[in-house]
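Notes to accompany the following structure.
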Amino acid sequence: MGGCSAPNCSNSTTIGKQLFRFPKDPVRMRKWLINCRRDFVPTPCSRLCQASGHNSLISAQSRS
Numbered sequence: 001m002g003g004c005s006a007p008n009c010s011n012s013t014t015i016g017k018q019l020f021r022f023p024k025d026p027v028r029m030r031k032w033l034i035n036c037r038r039d040f041v042p043t044p045c046s047r048l049c050q051a052s053g054h055n056s057l058i059s060a061q062s063r064s
């Protein structure tokens, strides 16, 4: 039961939104951080939701 790490996004699994882990690859992680307009170091619990405009960054690999 987590929530999206994107600024001003309140989507969570409790309302049926799918959340994705930040990639472990540093290059891909940096792209995600730039795209979500947030300067922070994601923890293993940090997630982005399917509706935060990051669908172009989310590949089939990150859904596992």
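So for the sequence shown, UniProt numbering puts the first residue at 1; every next one is plus one.
For each residue, glycine too, the CB sits at the ideal point set by N, CA and C.
Sequence-distant partners of Met29 (beyond 5 residues in either direction) whose C-beta falls short of 8 Å from its own C-beta, in its chain, are Phe22, Pro23 and Pro42. A distance below 7 Å between beta-carbons, with the five flanking residues on each side excluded, links Arg37 to the following residues of its chain, in chain order: Pro7.
Annotation for Arg30: the continuous alpha helix (DSSP H) segment containing it runs Pro26 to Asn35.
Secondary-structure assignment with DSSP links Arg21 through a beta bridge to Arg47. Leaving aside the five residues that flank Lys17 on each side, the residues in its chain whose CB is nearer than 8 Å to its CB run, in chain order, Cys4, Asn11, Cys49, Gln50 and Ala51.
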